[in-house]
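Residue numbers (the working numbering), protein chains in the order written: chain A, 223 to 561; chain B, 223 to 561; chain C, 223 to 561; chain D, 223 to 561.
Where a beta carbon is used, it is the ideal one built from N, C-alpha and C, also for glycine.
Note that the structure is a prediction, hence the values are computed from the model and not measured.
This report concerns only the one structure given below.
Protein chains: 4
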Amino acid sequence: MLIVMKPHATPSEVEAVAEKIRGLGYTPHAIPGAQRVAIGITGNKGALEVGLFTGMPGVADAIRVSQPFKLVSREVKEEDTVLDVGGATLGGRAVAVIAGPCSVESKEQLLEAARGVKALGATFLRGGAFKPRTSPYEFQGLGEQGLKLLALAREETGLKVVTEVMDPDDLAVCAEYADVLQIGARSMQNFPLLRRLGAVKRPVLLKRGPSATIKELLMAAEYILAHGNYQVALCERGIRTFETMTRNTLDLNAVPVLKSLTHLPVVVDPSHGIGLRQHVPAMARAGVAAGADGLIIEVHPHPEQALSDGHQSLALPEFAELMKQVRVIAGAVGRPLAG
Amino acid sequence: MLIVMKPHATPSEVEAVAEKIRGLGYTPHAIPGAQRVAIGITGNKGALEVGLFTGMPGVADAIRVSQPFKLVSREVKEEDTVLDVGGATLGGRAVAVIAGPCSVESKEQLLEAARGVKALGATFLRGGAFKPRTSPYEFQGLGEQGLKLLALAREETGLKVVTEVMDPDDLAVCAEYADVLQIGARSMQNFPLLRRLGAVKRPVLLKRGPSATIKELLMAAEYILAHGNYQVALCERGIRTFETMTRNTLDLNAVPVLKSLTHLPVVVDPSHGIGLRQHVPAMARAGVAAGADGLIIEVHPHPEQALSDGHQSLALPEFAELMKQVRVIAGAVGRPLAG
Amino acid sequence: MLIVMKPHATPSEVEAVAEKIRGLGYTPHAIPGAQRVAIGITGNKGALEVGLFTGMPGVADAIRVSQPFKLVSREVKEEDTVLDVGGATLGGRAVAVIAGPCSVESKEQLLEAARGVKALGATFLRGGAFKPRTSPYEFQGLGEQGLKLLALAREETGLKVVTEVMDPDDLAVCAEYADVLQIGARSMQNFPLLRRLGAVKRPVLLKRGPSATIKELLMAAEYILAHGNYQVALCERGIRTFETMTRNTLDLNAVPVLKSLTHLPVVVDPSHGIGLRQHVPAMARAGVAAGADGLIIEVHPHPEQALSDGHQSLALPEFAELMKQVRVIAGAVGRPLAG
Amino acid sequence: MLIVMKPHATPSEVEAVAEKIRGLGYTPHAIPGAQRVAIGITGNKGALEVGLFTGMPGVADAIRVSQPFKLVSREVKEEDTVLDVGGATLGGRAVAVIAGPCSVESKEQLLEAARGVKALGATFLRGGAFKPRTSPYEFQGLGEQGLKLLALAREETGLKVVTEVMDPDDLAVCAEYADVLQIGARSMQNFPLLRRLGAVKRPVLLKRGPSATIKELLMAAEYILAHGNYQVALCERGIRTFETMTRNTLDLNAVPVLKSLTHLPVVVDPSHGIGLRQHVPAMARAGVAAGADGLIIEVHPHPEQALSDGHQSLALPEFAELMKQVRVIAGAVGRPLAG
């Protein structure tokens, strides 16, 4: 159930509705919109009586929500959510590009990458300080030192920083240094972590798990919103199928499906999606053509020396070429690049 | 092994090479190119000695082919294959659009569809006369009567006809009426059918099976070429994964991978790929952005009355909108629409 | 809809019901049972009125069938179907073992295999004369010569012959030499072939396609029954998943699910299922423990010299050990081995 | 590289080898065996010179380990690992049965379940206090209160307690109350959690992720061993495939493959694997026949009232029947039931 308030409903009218919901034993979730406030209700098992709310002052409408995901649903909030990250946006008309190395390896490597992608039009810098690795014997990231280097790169270039957090214990330190917290594919259903993200004052980039359905991705985002953080973007990064020629199967079908079901921005990661350097640009173009609000691209000043993901990272000249192509495709679907 | 002849090698020089190959107990396959002839060798287990051929008159080079697929490989033929279908092309610079109903249902339905898609820029008409259906109790197609209606629609509109053949016994009658023979996803590894297609003088549109790897698709095409028919286009139409919100998972990753491995044209079928009418245009755009040489789209004058696939068929106004978008995206990647 | 006749209904009572069904524009399918005859109805879209039949002489009951598969359904025929193959049985209490080489390669190879598996308790001999191969350049089988060798092996050992048919044109010759016609995984949805099998007087062993759902397997079998051949056994032989350590993922879950949904016998193929010689016995044991009515096992007198599937074929001493284990497990679930 | 010490090597000889490894900049891992100590080496990129160690006092052999997983590998430790959980064993000859409700719901429910499964032969009690749920609006478990009820049930029945831990912050409290810590499928690659388990003095039951390969499962276990905890059992609980009739596809192929690659015990979870109450016994039988060292079964005194997983939980009479069948199958493969 969603209670839609009239455009000029007063705060006390909103509170009266919330109070009534609490009185029924359920939980109200006020959802901010550009024009008006809406209030989601969760905790009820069956359908609620619409008439309980429609007569209340300031209430425009009461709508039943048919999906198990509610706060993320377009039924509940029709307008696109636009993340405002200290001036840089993710979502809305402009297509944002997040670029940078898989792992932060050194000051030189990171700054070279950051300056390069900034000059070519990226508005966000990606870089891993805490790396999820299949083997305990592989490079696990520089940790806090990596975060400091990312902050340094932001200072120099103005790029906003996106970095992955895996461990709830690292949440505070990551939130201190980073602008956007990335939840990796393997953590998509790490529910204790998702809950804590609800309380953090940082936007979240939530990656789809390699075997997660679209519905499960939306439910994972619902965890974060239900715990209080409405600044979430979703990321398609490839699912696991039987095909072995590509690292994953980038599921671009998810882009229009997600855009129709949710108001959250949708980002595409062609680097992990196809996992083959020479084919990343084709999938980046396809992602934007399919309707993505952003791209996240692995770029390394010297891919052949990368400590991780070198085979799928672009060198700067390749990234330059990709940006040119993406700009044209974005234009063809009526969208500028952000920044 | 591939023997590349010099640009002006004479027929008798070509034949001498072929004869030598036969003398070694292997099979020569002459492969026509715009500039020069090449001769593939199959039947050998290990690598052949390059020196066996490099000294022969008219031979420019002898190249080892590393892949199990040979005749379809770009190693063997670098230039794109362009199918010439009575004047309409598939492959090459222009992006071709194949459109029409899932099944041929009646004269009125088919002509209305054909006139509509022709007016909007399609150059090929699709329509099923022999339908592969999961249930024996569902509509199985009009058979030869359907083929006659397709020929009638070609006569009236000039569109070239693409139709599926499932049964080897229908091959002759399908080849008589149709311009391009489609091999459906479930028949991709119907080897007896593939072999017979090698002897047919019609281009083939070979669809990827729902659980076929990219390599298996190439090997299936190899069957057709190895049996003598070099006029083959490949079609990505969605693979089977765990995702249930979409009918299949259209695997656009296959497009750039295929384009790099083979000289054959690559077509994308977003209708079966995503299986949701409202999302077909997004996937059509993405397919062209990823590098597809053509699209195959289900269009029905009255989707809600369709005997099959109505939920994924576009009405003509929707197809008009799709063509507009596809034209823009094709332009953005430097390609005109065919026709 | 299924019309169940009384135990002693006369042929003319049965015919009267069939005539009434035809009069309504539908198709009757008489289904033989040990105790009584039942008549399936297909061709109707909606539910039929039960009262149309319940008053007719000899009619015991009229039952609505809820599944899209009908003739194969336990709703329609509760008792297990037992295939009688010239005295050897498949289905029923005893667990049957089909064994032999992947491909018929030579008289010596086949007879050595046949004598060996016969001595160890198999009642059916498998062997491929027409081989479906991913590559056109691989060994495609001995064809009719292979069938003759199989017939020779039957003559000498008494084993019943199971062999694959791929091409409708080979159906007659295969049916002449073989006792059971195997439909391979890649042909499971070769509908023209399935239809023709309906008219053949040979039992069919229908293998599940690598990406076929359980429901699709049942619908494929329904094609054969609906076209008149009720002698069908199903075979689980592994599905395609993301796991690469095993050739396929033998889906033993399908065994109890199929046994609850259909009256047809269910056979398990651990050789193709797991594809690793040393693990075939474990999966054979598991298949019988899960409730399979039969096993089909690749056995080769000299696996290291096999022209196909050597890595998953057992040598005779390994097969001897497997038979010992299978006998014990069959006993543990209260079933003897056949023969 | 693995250094195998002689049966009577002294502690100082072992320490000298460890010291030499540290001196080379690598990490030694002493691995206890019944007969002798072995020392694994990790941290090296390339192969080490065998001669560095073979001449040292007390060293029997130095073996190169070919797999990326090392400490879990049978190459490194040939003998089966047997977990000793306060007298109850998991691994070794006897087949252990873990049974109990999906979630701890109340004292009455848990005690009824515990008494029931104890009387029928289970030696471990399962029950979730912290529940991973796809939706934030579903029952999330009783938390510490649930753990206390589990401890109470242990006190009364003597069953050892297995419970899931999701949140690193709950690790201490879970380790206080439980005997075995279960890592759920969605947490299999929660690397921060795996690392912490290395420092916990409790055995771990590590479940395979729904899209994890067998190799990734072994690598996840490797994390726990590499961080110091050698008491780990693996659990196959079904992978995600295209099949929708079953909840997951229980991959019994993994059982013999795992048993050949690792010395760790392998448990099968047919309840989550097939997800259909009536088919759990068939898959339990198949799991034991395939070589599993244990089973984990959901049992609820009143499945129709369960707050979670009621559709796949057995009632006590059904569990009684299952235990009877499992005992017979275990006997058929030469193994007693534990306890």
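Does the beta carbon of V477/D sit closer than 8 Å to a beta carbon anywhere in chain C?
Position 255 of the fourth sequence, counted from the start, is the residue given in the question as residue 477/D. Closer than 8 Å: yes.
Chain A contact residues for T463/C, given Cβ-Cβ distances below 7 Å
Within the third sequence, residue 463/C is the residue found at index 241, counting from 1. Those within 7 Å of T463/C in chain A are F464.
Step through the CB atoms of chain A and report whether any lies within less than 8 Å of the CB of S409/B.
The count along the second sequence starts at 1 and reaches residue 409/B at position 187. Interface flag for S409/B against chain A is unset, since no Cβ pair is found closer than 8 Å.
Other residues of its chain near L440/D: CB distance less than 7 Å, five sequence neighbours each side excluded:
Position 218 of the fourth sequence, counted from the start, is the residue given in the question as residue 440/D. Contacts found: F291, V294, L483, T484.
Since V384/B and L428/B are thought to touch, with beta carbons under 8 Å apart, how far apart are those beta carbons, to the nearest angstrom?
By 1-based counting over the second sequence, the position of residue 384/B is 162. By 1-based counting over the second sequence, the position of residue 428/B is 206. With a Cβ gap of about 12 Å, V384/B and L428/B do not count as contacting.
Rounded to whole angstroms, how far is the Cβ of A373/C from the Cβ of T345/C, which I believe are closer than 8 Å?
On the third sequence, residue 373/C is found 151 positions in, with the first residue counted as 1. On the third sequence, residue 345/C is found 123 positions in, with the first residue counted as 1. Not a contact, Cβ separation roughly 17 Å.
With 8 Å as the threshold, decide whether the Cβ of Y581/D is near any Cβ in chain A.
Residue numbering for chain D in the displayed model covers 223 to 561; residue 581/D lies beyond these limits and cannot be assessed.
Can you round the beta-carbon distance between G363/C and G350/C to whole angstroms, since I take them to be within the 8 Å contact cut?
Numbered from its first residue, the third sequence carries residue 363/C at position 141. Numbered from its first residue, the third sequence carries residue 350/C at position 128. About 6 Å; that satisfies the 8 Å criterion.
With C-beta atoms as the reference, is V548/C less than 8 Å away from L536/C?
Within the third sequence, residue 548/C is the residue found at index 326, counting from 1. Within the third sequence, residue 536/C is the residue found at index 314, counting from 1. Against a cut-off of 8 Å, the Cβ pair of L536/C and V548/C comes out as no contact.
Does P354/C come out as helix, strand or coil in the three-state DSSP assignment?
Your numbering for residue 354/C matches position 132 in the third sequence. P354/C: coil per DSSP, three-state reduction.
Have a look at G380/D, L447/D, D491/D, L415/D and flag the residue whose alpha-carbon is nearest the alpha-carbon of A394/D.
Your numbering for residue 394/D matches position 172 in the fourth sequence. Put simply, of G380/D, L447/D, D491/D, L415/D the residue whose alpha carbon is nearest the alpha carbon of A394/D is L415/D.
Would you mind telling me which residues of chain A sit closer than 8 Å to T471/B, beta carbon to beta carbon, in chain order?
Mapped onto the second sequence, residue 471/B falls at position 249. Chain A residues near T471/B: I461, T463, T471, D473, N475.
For M545/B, name the three-state secondary structure that DSSP assigns.
What you label residue 545/B is simply residue 323 of the second sequence in a count that begins at 1. Correct three-state label for M545/B: helix.
For chain C, find out if any of its Cβ atoms is closer than 8 Å to the Cβ of E438/B; answer yes or no.
Sequence index remark: in the second sequence, residue 438/B carries index 216 (1-based). Cβ-Cβ to chain C under 8 Å: yes for E438/B.
From E271/B, G308/B, P354/B, P233/B, residue whose alpha carbon lies closest to that of M223/B:
In the second sequence, counting from the first residue as 1, residue 223/B sits at position 1. Ranking the options by Cα distance to M223/B, first place goes to E271/B.
Beta-carbon spacing of L381/B, A542/B below 8 Å:
Here residue 381/B is taken as the residue at index 159 of the second sequence, counted from 1. Here residue 542/B is taken as the residue at index 320 of the second sequence, counted from 1. Cβ atoms of L381/B and A542/B: not closer than 8 Å.
Consult DSSP for R315/B and reduce its assignment to one of helix, strand or coil.
As a first step, residue 315/B is located in the second sequence; it is residue number 93 there, counting from the start. In the three-state reduction of the DSSP assignment, R315/B falls in the coil class, being assigned neither a helical nor a strand state.
Could you list which residues in chain E have their beta carbon closer than 7 Å to that of A512/A, in chain order?
Absence of chain E from the displayed structure is noted, the protein chains being A, B, C and D.
Could you check whether the region 466–484 of chain D touches the region 431–447 of chain D, counting it as contact only if at least three pairs of C-beta atoms, one from each stretch, sit closer than 8 Å?
yes
Would S325/D and K299/D be called neighbours here (beta carbons separated by less than 8 Å)?
Here the question's residue 325/D lines up with position 103 in the fourth sequence. Here the question's residue 299/D lines up with position 77 in the fourth sequence. Cβ atoms of S325/D and K299/D: not closer than 8 Å.
Mind checking if M223/D is an interface residue toward chain A, Cβ cutoff 8 Å exclusive?
As a first step, residue 223/D must be located in the fourth sequence, where it is residue number 1. Judged by the 8 Å Cβ criterion, M223/D is not in contact with chain A.
For a test of the three-state rule: what should DSSP assign to S288/C, helix, strand or coil?
In the third sequence, the residue the question calls residue 288/C occupies position 66. Coil.
What did DSSP end up calling M441/A once you bin it into helix, strand or coil?
Counting from 1 along the first sequence, the entry for residue 441/A is found at position 219. DSSP places M441/A in helix when its eight states are reduced to three.
Presumed contact (8 Å Cβ cut-off) between Q534/B and S493/B, rounded CB distance
Along the second sequence, one-based indexing puts residue 534/B at 312. Along the second sequence, one-based indexing puts residue 493/B at 271. Going by Cβ atoms, the distance from Q534/B to S493/B rounds to 5 Å, so yes, they are a contact pair.
Taking the beta strand (DSSP E) that A260/D belongs to, which residues open and close that run?
As a working note, residue 260/D is residue 38 in the fourth sequence. Residues 260–264.
On the DSSP bridge assignment, give the partners of C324/C in chain order.
Sequence index remark: in the third sequence, residue 324/C carries index 102 (1-based). DSSP, once it has assigned bridges, lists no residue as partnering C324/C.
Show which residues of chain B have a CB atom less than 9 Å away from the CB atom of E444/C.
Within the third sequence, numbered from 1, the residue matching residue 444/C stands at position 222. Those are S357, P358, Y359, listed as they occur along chain B.
Starting from F541/C, find everything on chain B with Cβ-Cβ shorter than 8 Å and list it in chain order.
Counted from its first residue, the third sequence places residue 541/C at position 319. Those within 8 Å of F541/C in chain B number zero; the least Cβ separation is about 29 Å.
Interface flag, I496/C vs chain D, CB-CB below 8 Å:
Indexing the third sequence from 1 puts residue 496/C at position 274. Yes, its Cβ sits closer than 8 Å to a Cβ of chain D.
Check whether the region 489–507 of chain D and the region 511–525 of chain C are in contact - that is, three or more C-beta pairs closer than 8 Å.
yes
Give every residue of the same chain whose Cβ lies closer than 6 Å to the Cβ of V226/C, excluding the five residues on either side of it in the sequence, and list them in chain order.
Along the third sequence, read from residue 1 onward, the residue named residue 226/C stands at position 4. Cβ within range, chain order: A260, A282, D283.
Do V521/B and G322/B have their CB atoms nearer than 8 Å?
Position 299 of the second sequence, counted from the first residue, corresponds to residue 521/B. Position 100 of the second sequence, counted from the first residue, corresponds to residue 322/B. A contact, by the Cβ cut-off of 8 Å.
Among K481/D, L498/D, R258/D, nearest to P229/D - alpha-carbon criterion:
Within the fourth sequence, residue 229/D is the residue found at index 7, counting from 1. Checked all of K481/D, L498/D, R258/D; the closest Cα to P229/D is R258/D.
So, at 6 Å on beta carbons, what are the nonlocal neighbours of I496/D in its own chain, with the 5 sequence-adjacent residues on each side left out?
For the purposes of this step, residue 496/D is taken as the residue at position 274 of the fourth sequence. Excluding positions up to five away in sequence, the list reads T468, L472, M505.
Cross-strand partners of G516/B (DSSP beta bridge)
Walking along the second sequence from the start, residue 516/B turns up at place 294. G516/B is bridged to A318/B, V489/B.
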